[in-house]
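Reading through the structure tokens given below for one structure.
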Amino acid sequence: MRRVWTVLPETTRTEIADRVGGTSVTPAASGDHAEIAAAVAGSKGQVFVKAASSELGVRSLRYELLVSKAVDRSYSPAVEWHFERDGWLVVGFEHLDGLHADLSPGSPDLDLLGLAVKELGQTPAQGQTWFSPAARLGFAHPAMDGEMLVHTDLNPANLIVVRHGLRIVDWAYATKAAPWVELGLLVQWLIGSGHTPEQAEDWLARFPAWTATDPDVLNAFASMNATKWSVKSRTSKDAWVHDLAAWTDKWAAYRRVRYPQT
Ligand SMILES: Nc1ncnc2c1ncn2[C@@H]1O[C@H](COP(=O)(O)OP(=O)(O)O)[C@@H](O)[C@H]1O
Ligand SMILES: [Mg+2]
Numbered sequence: 002m003r004r005v006w007t008v009l010p011e012t013t014r015t016e017i018a019d020r021v022g023g024t025s026v027t028p029a030a031s032g033d034h035a036e037i038a039a040a041v042a043g044s045k046g047q048v049f050v051k052a053a054s055s056e057l058g059v060r061s062l063r064y065e066l067l068v069s070k071a072v073d074r075s076y077s078p079a080v081e082w083h084f085e086r087d088g089w090l091v092v093g094f095e096h097l098d099g100l101h102a103d104l105s106p107g108s109p110d111l112d113l114l115g116l117a118v119k120e121l122g123q124t125p126a127q128g129q130t131w132f133s134p135a136a137r138l139g140f141a142h143p144a145m146d147g148e149m150l151v152h153t154d155l156n157p158a159n160l161i162v163v164r165h166g167l168r169i170v171d172w173a174y175a176t177k178a179a180p181w182v183e184l185g186l187l188v189q190w191l192i193g194s195g196h197t198p199e200q201a202e203d204w205l206a207r208f209p210a211w212t213a214t215d216p217d218v219l220n221a222f223a224s225m226n227a228t229k230w231s232v233k234s235r236t237s238k239d240a241w242v243h244d245l246a247a248w249t250d251k252w253a254a255y256r257r258v259r260y261p262q263t
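Here the sequence shown stands for residues 2 to 263, numbered as in the working numbering.
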């Protein structure tokens, strides 16, 4: 849950100001997971600061920090610095100048997404303990297990189109899994951006990891994902939960008709 910048202790704000050369703070307008998420500008440039003090928040940000350092690829913002002080973990990421990706049918951002996702799908998850698919998603299938880095939350607010391509932020839920899992989780955002399930699958057909996955496995995945969000939506008033329930249901329903179980 997002909090205001001024909850940061004075000493912590001063340390950030020293590192950036001033503090002109612009809170992030999207996302809601991180306690503090804001662009900070000063005489030494601009950084994107995420900070946490709650037990869960620190655990999550510490994980995100480790992942971000381990990834070190062009599609992911670099970690500029980090420190801990007065109970706060503070991370300064490379600031990305750009707008969120538009994933509607025909958008040129889809080609940029395709390039980033291709590179992501070839990145092994190495060097630390990662979320398993079951721990991350709350449902499991043996075919979901694998060795690759899977971001698992490629919603448009986590995709920033910069001058030289598309960047992926918010690595707090990165998972070690089979690469097709990324694509299975992307379907909901493509549908939420205006694709029909058929259009979404047509777009995904460019990825060998998608076409090589057994249709029965994709059916099981679509169905378990839809069930998860349907169950969540029964007890949630959050619009985004209901949106995800509707989008995942649309995909699962499409697959039941298009690819009846063999
Ligand atoms: N490195 C960055 N540079 C510029 N903007 C960023 C950066 N990282 C995140 N953002 C923006 O801030 C928002 C919230 O950050 P995010 O890491 O997604 O936090 P949350 O966990 O709250 O979703 C993102 O939706 C994006 O618009
Ligand atoms: Mg986010």
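Glycine included, C-beta positions come from ideal geometry on N, C-alpha and C. On a predicted model such as this, the values are computed, not experimentally measured, just so you know.
Residue span of the alpha helix (DSSP H) that contains residue i, given as start and end
i      : result
Gly23  : Here Gly23 belongs to no alpha helix (DSSP H), and DSSP marks it neither H nor E.
Arg63  : 56-72
Gly115 : 110-121
Phe222 : 216-235
Ala240 : 240-259
Ala135 : 134-138
Nearest-angstrom Cα separation, counted from residue j out to residue i
i      : j      : result
Ala52  : Asp215 : 41 angstroms
Pro28  : Trp89  : 17 angstroms
Trp252 : Thr212 : 16 angstroms
Lys119 : Leu205 : 11 angstroms
Trp82  : Ala240 : 35 angstroms
Ala254 : Pro143 : 22 angstroms
Ala210 : Lys177 : 15 angstroms
Ala223 : Trp181 : 12 angstroms
Ser108 : Ala201 : 13 angstroms
Ser234 : Trp248 : 12 angstroms
His243 : Lys45  : 43 angstroms
Pro198 : Ile192 : 6 angstroms
Asp73  : Gln127 : 12 angstroms
Ala221 : Ala135 : 14 angstroms
Ser105 : Ala71  : 31 angstroms
Glu65  : Ala39  : 16 angstroms
Gly195 : Arg20  : 42 angstroms
Thr236 : Phe140 : 19 angstroms
Asn159 : Ala173 : 11 angstroms
Ser55  : Trp131 : 21 angstroms
Val162 : Ala227 : 29 angstroms
Leu187 : Asp87  : 38 angstroms
Ala30  : Asp146 : 34 angstroms
Arg259 : Gly185 : 16 angstroms
Residue i: CB within 7 angstroms of a non-hydrogen atom of ligand 1
i      : result
Lys70  : no
Pro78  : yes
Lys51  : yes
Leu57  : no
His101 : yes
Ile17  : no
His165 : no
Leu104 : no
Leu205 : no
Glu95  : yes
Ala253 : no
Ala40  : yes
Ala223 : no
Ala35  : yes
Ala29  : yes
Ile192 : no
Boundaries of the beta strand (DSSP E) in which residue i is found, first to last residue
i     : result
Glu95 : 89-95
Glu85 : 80-86
Lys51 : 46-53
Ala40 : 37-43
Any non-hydrogen atom of ligand 2 closer than 7 angstroms to residue i Cβ
i      : result
Ala158 : yes
Gly32  : yes
Asp244 : no
Asp171 : yes
Distance cut-off 7 angstroms: residue i Cβ against heavy atoms of ligand 3
i     : result
Glu81 : Ligand 3 is not among the ligands present in this structure, which contains only ligand 1 and ligand 2.
Fully enclosed by the segment 144-212, which alpha helix (DSSP H) runs are 4 residues long or longer? The DSSP assignment places complete alpha helix (DSSP H) segments of no fewer than 4 residues inside the segment 144-212 at 181-193, 198-205, 209-212, in order along the chain.
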